[in-house]
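Numbering (the numbering used here), first residue to last: 1 to 628.
Here the structure comes first, spelled out in structure tokens, and everything after it is commentary.
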């Protein structure tokens, strides 16, 4: 028999805690306030020993409406429910609400327990059974047997115990532990003096003492120092066990209910998630921008609903904007309630933990969510074909909460192994074709420019990808097709070609600058010599980009030859001198003081020289060799 987590459900004061005590001899109301008020406020836990010596865990959840968030936290990981209805009260408000929550969480196995049987007549009990059969008349609960118990009849609890063993034996666990990551949604935190930090929850996957886990959303690495289950120390824990960990690396004050311990690389912190919403009824569908409470895992969060479509057809997709980071996986299930009066609205299933802001009725976005809705039958080749871009292996595993490796894909998927980047072959060819067209058109319209800044290319085609993965993908994309140099992408065979008219403009610019020697000219003075201003600018900036000319100071340009000559004369001077003054450099260049200063300031700016203040001589400086 597998490990089973059993949970209680039902209205306040219908006997859930008393039932657990009869079955396990453990009083799960451990808090002083709980004992004083006679009601369960937080979660209680107790072991149920089976005839073959196994230990099942029973989670006693609160029935009061004010503590519904604790009820949902307890329902996380439940396999089997003991649904209590008191014979003297019958079906009550929390009976109805708990039923809806269990249905939304997908809990399909259990027993209806009629408590306080001794308080009503046989006729009343039979009437209640008929009412209950009608109340549970749907696919989720119709198979639940009904068992009567009474505090005055201890044998009734023995009958219930035997029925629990019989019914739980029918539950089959099909999830393999092999390659399954570990996860613990924390529902209790302790810090006993001299012991350290203790956290507890219901296990998913296998983990051992001494292993390391990551605490989300804080992303703190912790080490498991000790493990207990129902008060007994163990070395290893497996799925569907109540357990407590003594951990190092974090204090109890840093942890809160709803935090997650895991070794799953695909778990993400997110404040924006795409979900499938399942309403209780058409009347419970919230409006766009409705504020909500979200109970998911063992945590409670707040936020706002954003509609992803106008028309509500078969599937209702919402984007949830969360008040703080939430640690979630694809497929996690939660409960949505209104913010004001905590009315139950419906259930959600997470489809996309990497959600991005999008316009309503975005066909590609909605198509992808439809695709994710059927994840269990996803063909990865089709999935990547629908993405229309590349993705890293880590991102794919995060999106689908899976553990793919580079050997998981067929020949339709191109893989950049060094970076673990994946893209569908057809999408790659399509993107390459679009970029070829885009770059070719740019060359046609900008014949004097080397190419397009790669930042422009990213903005147009890869805005959703990180700069790092984009750059790695671009290298792969450019093979045999594009040239990438100095942040510019161009076609491999592209060469700048000047027309006869262009050459005349070019030659005239160079002659004008040659005539000014080392002094150079301002842009406006050069431009004043040309009628075709636009074409002049194209040629001028082409000469600048190709380094025929250099901007020696703000808006002042010289021929590169004069710059090289000035640098050569300075270098020759430094062979026999350790420093040079402005006057000395002026004489070397045979120019005026202003022009000499422009050059020295430029050399200082590019770390060829370093300007040193001459002490006691006002603003006098000399320059030393730094980079020659």
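Ideal Cβ positions, reconstructed from N, Cα and C, are used throughout, including at glycine.
Since this is a predicted model, take the numbers as computed values, not measurements.
Residue pairing of residue 11 in beta bridges, as defined by DSSP: absent, with no partner found.
When the alpha-carbon of residue 209 is set against those of 436, 504, 470, 248, the nearest one is in 248. Looking at 512, 566, 145, the one whose alpha-carbon comes closest to that of residue 162 is 145. Every beta strand (DSSP E) of 3 residues or more that sits fully in the region 375-422 is shown, in chain order, as 413-416. Non-local beta-carbon contacts of residue 513 in its own chain, meaning distances under 7 Å to residues more than five positions away in sequence, involve 520, 521, 549, 557, 558, 559 in chain order.
Rounded to whole angstroms, the gap between the alpha carbons of residue 278 and residue 308 is 15 Å.
When only Cα atoms are considered, residue 285 and residue 81 end up about 27 Å apart. For residue 440, same chain residues with a beta-carbon under 8 Å away, outside a window of 5 residues either side, are 491 in chain order.
Look at residue 150 here: in three-state DSSP terms it is strand. By the criterion of a C-beta distance shorter than 8 Å, residue 552 is surrounded in its chain by 520, 558, 563, 598, 599, 602, once the five residues flanking it on both sides are discounted. A check of alpha carbon separations from residue 301 across 328, 314, 265 identifies 328 as the nearest. If you compare the alpha carbons of 425, 583, 402, 400 with that of residue 412, the shortest gap goes to 425. Taking the Cα of residue 203 as reference, the smallest distance to any Cα among 193, 229, 189, 221 is reached at 229. Here residue 221 is exposed, its C-beta having fewer than 16 other C-beta atoms within 10 Å. Of the residues 124, 136, 281, 107, the one whose Cα lies closest to the Cα of residue 95 is 136. For the alpha helix (DSSP H) assignment, the uninterrupted runs of no fewer than 4 residues enclosed by the region 84-145 are, from N- to C-terminal side, 93-104, 122-135.
Annotated as proximal: residue 255 and residue 186, with beta-carbon spacing under 8 Å. For residue 368, the uninterrupted alpha helix (DSSP H) segment begins and ends at 363-373. A distance of 8 Å or more separates the beta carbons of residue 316 and residue 304. Looking from the CA of residue 101, the closest CA among 266, 394, 280 belongs to 280.
Residue 605 and residue 529 have their C-alpha atoms spaced approximately 31 Å apart.
Per DSSP, reduced to three states, the secondary structure at residue 578 is coil, with no helix or strand assignment. Around the Cβ of residue 324, a 10 Å sphere holds fewer than 16 other Cβ atoms; the residue is exposed.
As a beta-bridge residue in DSSP terms, residue 483 pairs with 490. Judged by DSSP secondary structure, residue 318 falls outside any alpha helix (DSSP H) and instead within the beta strand (DSSP E) spanning 316-328.
The shortest CA-to-CA distance from residue 517 to any of 399, 592, 543 is the one to 592. Membership of residue 596 in the alpha helix (DSSP H) is indicated by the continuous run 593-605. Restricting attention to 153, 478, 299, the CA atom closest to the CA of residue 457 is found in 478. Cβ contact annotation for residue 483 (same chain, cutoff 6 Å, sequence separation greater than five): 490, 492, in chain order.
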